[in-house]
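Scroll down for the structure; my scribbles are underneath it.
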Amino acid sequence: MHYLPNILFAIILIAGIGFFVKNIKKLSRNIKLGRDVDVSDNKSQRWKNMAMIALGQSKMVRRPIAGFLHVVVYIGFIIINMEVLEIIIDGIFGTHRIGLKVLPQSFYGFLIGAFEILAVLVFVSVILFWIRRNVIRLQRFWKSEMTSWPKNDGNNILYFEMVLMTLFLVMNATDIHFQNMNSGNAISQFIAPWFSGLSNTTLHFIERSAWWLHIIGILIFLNYLYFSKHLHILLAFPNTFYGKLQPKGQLDNLEAVTKEVKMMMDPNIDPFAAPAEGAEGEIPAKFGASDVQDLSWVQLLNAYTCTECGRCTSECPANQTGKKLSPRKIMMDTRDRLEEVGKNIDANKGEFKDDGKQLLDNYITREELWACTSCNACVEACPVSIDPLSIILDMRRYLVMEQSAAPTELNNMMTNIENNGAPWPYNQMDRLNWKNE
Amino acid sequence: MSELLKVPTMAEFMAQGKQPEVLFWVGCAGSFDDRAKKITKAFVKLLNKANVEFAVLGTEESCTGDPAKRSGNEFLFQMQAVTNIEVLNAYEVKKIVTACPHCFNTIKNEYPELGGQYEVMHHTQFLKTLLNEGRLTVEGGQFKGKRITFHDPCYLGRANNVYEAPRVLIQKLEAELVEMKNCRRNGLCCGAGGAQMFKEPEKGDKDVNVERTEQALDVKPEIIAAGCPFCNTMMTDGVKAKEKEADVAVMDIAELIANAQDL
């Protein structure tokens, strides 16, 4: 009977982590549904980007208010979570505040005191975030793609953090031994009086409840990630690492097209030659993307990393002028479709069964795709190196090269380029006429 | 004036067994669009003034393929690219200058993989170099003390991180450079990129060029400076839509410098 809490704790911990690992595996499986793409180049620049953008939050602070609050929550999150280590050790071995046994009391007090101060700062920041979303109603949190789930998701995360911070402080405030020590109770000493007059047994009961709820809450939160936009706390790191290194204006040249163009331009090639050995039965590459499997795995990682902050959409010239395009929606749609494909694979024993749907049309409309000016404002705005433009371009490629479904005016423009080397119907031989006009 | 323009072609240089210092890639807008042709001529006047040995491809030039690529037609883009690269490589071109940020971006970033490696400069970068080398002088003239705001072309700014060269030139005019609310990396698009120039915009409640023009008019400029023929068209249309064409002119940086010297 004595070991019952320890066993219970171990079970909860293993279940919590086990479920999380299972979801991470699913996440990784889904991301790998994307096309392979070589991102093994320029490791040092990639590490640097990760250090600056994800760890250093360099792009977050470009919007100073949100950036500052985010840094507080981010630092609080990382540092306060050191406390989880103690909780886990205490839980498994039935100890109480093991830190006190291994660390000098003054240092332990310093640590916990720092955690408490951070906990309050996080609590305040989170409240301010909540006010920005729900009271001030910042425009970007109320765009049309912010339907009920994305809105609730955003708020749920804030509630989680408020509750976790409260439990942490209550746990310390009702810990009689810790309060008597009077070191490290920087904040909880002011909360402790709220519980004065309660018997030691009751205090102990509250302390234990807060302790258990705190760790259970953390495990629930951990498992909530996979279903939430909050995955960015993990994926921001790989995403900034694998983010685009070339100048933003440089769009990739499709290799499959290069092959064909080179063939067309080669005067020595025999147009009637039999296909090379081994090439037979080779499925010709699909040009562009109509569904998530046609996108690269980095683009799919982008979709899972998106935390729906909407900075991209608020900078998008098309969105600002009332067009349907929203770069954030492109990312949310990609993730939603990818999840749907993942569930389809789970339900069909590891094999994707055609469900008559695709990313194009069922999620992202042509009107959205054609509204993009390729100005890269969304890419510049993203604090975690997401590239919505690359998805838009790949889907345009599908529309034009597989379906010949460009708007008429663009077809005219392209016909002009084909026939006379300019987007307008002027003769190439007149190209130098300006000299004499 | 125009009869004084010296515009040799690569073919002429080749015939004399010579190599020009730089190839001026005029671009489709610069060759055919009435407004953009004025920018082309202004830039040529500056090149002539600075005694730069340059050449154009003339009738051998063809669209870089930028609008095709951004529309999604990778085939057409690469056909154009490979054809252009063949011409450029045949002339052993090493250095290219262009007044169009779209041509600039495409040749600089997307041609190398397809076999076209050149040093590519935007005309504002090139003019700044001429200035630094003492080959060109920039004086204020009629623009001295004028309020000028610069609209960052997406394909020069965000796409390639070129923000300073055009601004240095404006300041050399002894003009008052005023920045819009959204400038440099936060610059708002004029609405023409991604092949939007060639189609009607999707349904919305405003045109992008009007939005951008409003941002420009907010800082009360006498001149909106541009560095891209497409931005120039969009901003000019925007100024017309706001019925401000009597008070505000839209001009390319090359035009500003050339006009300041009454070239």
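Each protein sequence line maps, in turn, to chains A and B. Going letter by letter, the first sequence gives residues 1 to 437 in my numbering. Going letter by letter, the second sequence gives residues 438 to 700 in my numbering. C-beta atoms are modelled at their ideal positions from N, C-alpha and C, and glycine is treated no differently.
Give the secondary structure of leucine 614(B) by DSSP, where H, G and I count as helix, E and B as strand, and everything else as coil.
Taking the second sequence and counting its residues from 1, one reaches residue 614(B) at position 177. Here leucine 614(B) carries a strand assignment [DSSP, helix/strand/coil].
Residue from Arg366(A), Arg337(A) and Gly249(A) with nearest C-alpha to aspartate 526(A)
No statement about residue 526(A) is possible, as the shown extent of chain A runs from 1 to 437 and does not include it.
Identity of the residues DSSP links to methionine 688(B) by a beta bridge:
Looking up residue 688(B) in the second sequence gives position 251. As a beta-bridge residue in DSSP terms, methionine 688(B) pairs with Ala662(B).
Please state whether the Cβ-Cβ distance between serine 314(A) and leucine 360(A) is less than 7 Å.
Your numbering for residue 314(A) matches position 314 in the first sequence. Your numbering for residue 360(A) matches position 360 in the first sequence. Result no, Cβ atoms of serine 314(A) and leucine 360(A) do not sit closer than 7 Å.
What are the uninterrupted segments assigned as alpha helix (DSSP H) that are 4 or more residues long and contained completely in the segment 367-426 of chain A, given in chain order?
Within the segment 367-426 of chain A, the runs of alpha helix (DSSP H) that reach at least 4 residues and sit entirely inside it are, in chain order, 377-381, 388-397 and 408-420.
Name the chain B residues whose beta carbon is nearer than 9 Å to that of glutamate 145(A)?
Along the first sequence, one-based indexing puts residue 145(A) at 145. In chain order: nothing, as chain B lies at least about 16 Å away.
Assign serine 296(A) to one of three DSSP states: helix, strand, or coil.
Numbered from 1 along the first sequence, position 296 holds the residue referred to as residue 296(A). Under the three-state reduction of DSSP output, serine 296(A) falls in the strand class.
Pick out whichever of Asp471(B), Ile533(B) and Asp503(B) has its Cα sitting closest to the Cα of glutamine 456(B).
Here residue 456(B) refers to the residue found at position 19 when the second sequence is read from its first residue. Ranking the options by Cα distance to glutamine 456(B), first place goes to Ile533(B).
Backbone secondary structure at threonine 240(A) - three-state DSSP
For this step, residue 240(A) is matched to residue 240 along the first sequence. Note: threonine 240(A) maps to helix in three-state DSSP.
Pair within 7 Å by beta-carbon distance, arginine 649(B) and cysteine 627(B)
For the purposes of this step, residue 649(B) is identified with residue 212 of the second sequence, where counting begins at 1. For the purposes of this step, residue 627(B) is identified with residue 190 of the second sequence, where counting begins at 1. Cβ distance < 7 Å, so arginine 649(B) and cysteine 627(B) count as in contact.
Quick test of the definition: if touching needs 3 or more C-beta pairs under 8 Å, does the segment 375-387 of chain A touch the segment 494-509 of chain B?
Contact between the segment 375-387 of chain A and the segment 494-509 of chain B is absent, with fewer than three C-beta pairs closer than 8 Å.
Take lysine 286(A) as the anchor and find which of Leu219(A), Lys143(A), Leu399(A) and Phe190(A) has the nearest alpha-carbon.
Here residue 286(A) is taken as the residue at index 286 of the first sequence, counted from 1. For lysine 286(A), the nearest C-alpha among the options comes from Leu399(A).
How should tyrosine 3(A) be labelled, buried or exposed, when 16 other C-beta atoms within 10 angstroms of its C-beta is the threshold for buried?
Position 3 of the first sequence holds residue 3(A). Tyrosine 3(A) should be labelled exposed.
Distance between proline 407(A) and arginine 472(B) (C-alpha atoms, nearest Å):
Mapped onto the second sequence, residue 472(B) falls at position 35. Mapped onto the first sequence, residue 407(A) falls at position 407. C-alpha separation (whole angstroms): 26 Å.
Take the Cβ of alanine 663(B) as the centre, count every other Cβ of all protein chains shown within 10 Å, and call the residue buried at 16 or more, exposed below.
Start at 1 with the first residue of the second sequence, and residue 663(B) comes out as number 226. By the 16-neighbour rule on beta-carbons within 10 angstroms, alanine 663(B) is buried.
Just by C-beta distance, which residues in the segment 628-651 of chain B are closer than 9 Å to chain A?
Taking 9 Å as the Cβ-Cβ cut-off against chain A, the residues of the segment 628-651 of chain B that qualify are Gly628, Ala629, Gly630, Gly631, Ala632, Gln633, Met634, Phe635, Lys636, Glu637, Pro638, Glu639, Lys640, Gly641, Asp642, Lys643, Asp644, Val645, Val647, Glu648 and Arg649.
Going by C-alpha to C-alpha distance, which of Asp175(A), Leu103(A), Gly113(A) and Asn6(A) sits closest to phenylalanine 93(A)?
As a working note, residue 93(A) is residue 93 in the first sequence. Looking at the Cα atoms, Asn6(A) is the closest of the given residues.
From the beta carbon of leucine 111(A), is the nearest beta carbon of chain B less than 7 Å away?
Translated into positions along the first sequence, residue 111(A) becomes position 111. No, leucine 111(A) lies away from the interface with chain B (no Cβ there is under 7 Å from its Cβ).
Proximal chain A residues relative to asparagine 510(B), where beta-carbon distance stays under 9 Å:
Numbered from its first residue, the second sequence carries residue 510(B) at position 73. Below the 9 Å Cβ cutoff, chain A contributes Arg396, Arg397, Val400, Met401, Ala406, Leu410, Met414 and Ile417 as neighbours of asparagine 510(B), in chain order.
List the residues that DSSP assigns as beta-bridge partners of phenylalanine 272(A).
Within the first sequence, residue 272(A) is the residue found at index 272, counting from 1. Paired residues: none, contrary to the question.
Among residues of its own chain, excluding the 5 on either side of alanine 192(A), which ones have a beta-carbon nearer than 6 Å to its beta-carbon?
Taking the first sequence and counting its residues from 1, one reaches residue 192(A) at position 192. Apart from the 5 residues on each side of it in sequence, alanine 192(A) sits with its Cβ closer than 6 Å to the Cβ of Ala173 and Gln179 in its chain, given in chain order.
Please go through the segment 164-198 of chain A and give each complete alpha helix (DSSP H) segment of 4 or more residues, from N-terminal end onward.
Within the segment 164-198 of chain A, the runs of alpha helix (DSSP H) at least 4 residues long that lie entirely inside it are, in chain order, 176-181 and 188-191.
Does DSSP put serine 439(B) in a helix, in a strand, or in coil?
Numbered from 1 along the second sequence, position 2 holds the residue referred to as residue 439(B). A caution first: serine 439(B) carries a pLDDT of 46, below 50, which makes its placement in the model unreliable, though a value can still be read off. DSSP places serine 439(B) in helix when its eight states are reduced to three.
From the DSSP output, in three-state form, read off phenylalanine 461(B) for me.
By 1-based counting over the second sequence, the position of residue 461(B) is 24. Shown here, phenylalanine 461(B) sits in a strand according to DSSP, grouped into three states.
Does the beta-carbon distance from asparagine 223(A) to phenylalanine 19(A) come in below 7 Å?
For this step, residue 223(A) is matched to residue 223 along the first sequence. For this step, residue 19(A) is matched to residue 19 along the first sequence. In this structure, the beta-carbon distance from asparagine 223(A) to phenylalanine 19(A) falls below 7 Å.
Restricting to Cα atoms, I'd like to know which of Leu300(A), Thr373(A) and Met331(A) is closest to leucine 34(A).
Your numbering for residue 34(A) matches position 34 in the first sequence. In the sequence on display, residue 34(A) carries glycine and not leucine. The shortest C-alpha to C-alpha distance from glycine 34(A) to any of Leu300(A), Thr373(A) and Met331(A) is the one to Leu300(A).
Would you mind sorting tyrosine 528(B) into buried or exposed? The rule is 16 or more other CB atoms within 10 Å of its CB.
Position 91 of the second sequence, counted from the first residue, corresponds to residue 528(B). Within a 10 Å sphere around the beta-carbon of tyrosine 528(B) sit 16 or more other beta-carbons, which makes this residue buried.
Who pairs with glutamate 639(B) in a beta bridge, going by DSSP?
If you number the second sequence from 1, residue 639(B) lands on position 202. BP columns for glutamate 639(B) are empty, so no partner.
Please confirm whether valine 257(A) has its beta-carbon closer than 7 Å to some beta-carbon of chain B.
Taking the first residue of the first sequence as position 1, residue 257(A) is located at position 257. Valine 257(A) counts as touching chain B.
Isoleucine 585(B) - DSSP class collapsed to helix/strand/coil
Taking the first residue of the second sequence as position 1, residue 585(B) is located at position 148. DSSP, reduced to helix, strand and coil, places isoleucine 585(B) within a strand of the structure shown.
Out of Leu389(A), Ile65(A) and Ile215(A), state which residue places its alpha-carbon closest to the alpha-carbon of phenylalanine 9(A).
Taking the first sequence and counting its residues from 1, the one referred to as residue 9(A) is at position 9. For phenylalanine 9(A), the closest alpha carbon among the candidates Leu389(A), Ile65(A) and Ile215(A) is that of Ile215(A).
At least one CB of chain A closer than 7 Å to the CB of cysteine 537(B): is that the case?
Here the question's residue 537(B) lines up with position 100 in the second sequence. Taking Cβ atoms only, chain A never reaches closer than 7 Å to cysteine 537(B), which makes this a no.
Once you ignore the five residues that flank glutamate 340(A) on each side, which residues in its own chain have a CB closer than 8 Å to its CB?
By one-based count along the first sequence, residue 340(A) stands at place 340. Around glutamate 340(A): Asp355 and Lys357.
So, are the CB atoms of phenylalanine 237(A) and arginine 46(A) less than 7 Å apart?
Against the first sequence, residue 237(A) aligns to sequence position 237. Against the first sequence, residue 46(A) aligns to sequence position 46. Contact flag unset, no.
How about the segment 568-587 of chain B and the segment 652-670 of chain B: do they share at least three Cβ pairs that are nearer than 8 Å?
With the cut-off at 8 Å, the segment 568-587 of chain B and the segment 652-670 of chain B touch.
Which residues of chain A have a Cβ atom closer than 9 Å to the Cβ of valine 493(B), listed in chain order?
Counting from 1 along the second sequence, the entry for residue 493(B) is found at position 56. Going along chain A in sequence order, the residues near valine 493(B) (Cβ under 9 Å) are Arg431, Leu432 and Lys435.
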